[in-house]
Amino acid sequence: MDNLHKGSCLCGAVRFAARGALREVIYCHCNMCRKQSGHYYAATNVSDDMVDIEGGDNVTWFAASDFARRGFCSRCGSVMFWKPNDDDYVSIMAGSFEEPSSLTGGYHIFVADKGSYYEIDDDLPQYERSSPSLKVLED
1 MDNLHKGSCL CGAVRFAARG ALREVIYCHC NMCRKQSGHY YAATNVSDDM
51 VDIEGGDNVT WFAASDFARR GFCSRCGSVM FWKPNDDDYV SIMAGSFEEP
101 SSLTGGYHIF VADKGSYYEI DDDLPQYERS SPSLKVLED
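Under the UniProt record's numbering, the sequence shown has 108 at position 108, and the numbering climbs by one with no breaks.
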């Protein structure tokens, strides 16, 4: 099938297949993303009806806020998903896709919270909090 994007966690207990075009990768530098992943998030997203998850019983969901939850593999700990409570899409971590992924960088969000140990040295747009078109946190 054309435009099928597959991926998995590190151990393979959670696998997914996303259909259709994927959004550009958004890099999130907020404190929650950095604490969960050890660095910043890099994620695309897909509507709920365009992704199939195999091994979903191995996904543990953590309610990090009243706004969204984060999904990770309960066997190997791989960070896999970010899911807003009231929207019909799921963000999928870019690094979990099989290569070549065809993903491209879009922009950086929550750069005001970025770690002091690195610089953002690409030419992508940067937003102090979220971008005007992307709601990822309740204000």
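Here a beta-carbon is modelled for each residue, glycine too, at the ideal position from N, C-alpha and C.
Every value quoted in this text rests on a predicted model; they were computed, and no experiment measured them.
Length-filtered (3 minimum) beta strand (DSSP E) runs lying within the UniProt domain "CENP-V/GFA" (5 to 119): Taking 3 residues as the minimum length, the beta strand (DSSP E) runs contained wholly in the UniProt domain "CENP-V/GFA" (5 to 119) are 15 to 19, 25 to 28, 41 to 47, 51 to 54, 59 to 62, 68 to 73, 79 to 84, 89 to 93, 105 to 109, in order along the chain.
Buried or exposed (CB count within 10 angstroms, at least 16 for buried), residue 70: It is buried - the Cβ of residue 70 has at least 16 other Cβ atoms within 10 Å.
Does the count of Cβ pairs from the stretch 41 to 59 and the stretch 16 to 27 closer than 8 Å reach three? As far as the Cβ criterion goes, the stretch 41 to 59 touches the stretch 16 to 27, which means the pair count is three or higher.
With 16 other CB atoms within 10 Å as the buried threshold, where does residue 82 fall? Burial of residue 82 is indicated by the presence of at least 16 other C-beta atoms within 10 angstroms of its C-beta.
Do you know offhand how far residue 47's Cα is from residue 119's? Residue 47 and residue 119: Cα-Cα distance of roughly 32 Å.
Which one of 106, 61, 108, 94 has the shortest CA to CA distance from residue 85? Nearest in C-alpha terms to residue 85, of all of 106, 61, 108, 94, is 61.
Cβ shell of residue 21 (< 8 Å), same chain only, five flanking positions each side left out: Correct list, in chain order: 3.
Compute the beta-carbon to beta-carbon distance between residue 29 and residue 114, rounded to the nearest angstrom, for a pair I have assumed lies under 8 Å. Confirmed, about 4 Å.
Between the CA atoms of residue 109 and residue 165 - distance to the nearest angstrom: Shown here, the chain extends from 1 to 139; a query on residue 165 therefore has no answer.
Pull up the distance between the alpha-carbon of residue 159 and that of residue 78, whole angstroms please. Because the chain spans 1 through 139 in this model, residue 159 falls outside it and cannot be assessed.
Could you work out which residue in 105, 8, 116, 68 is closest to residue 89 when comparing CA atoms only? Comparing Cα positions, the closest option is 68.
Inspect the beta-carbon positions of residue 94 and residue 43 and report whether they are closer than 7 Å. Yes, the pair counts as a contact, with Cβ atoms nearer than the cut-off.
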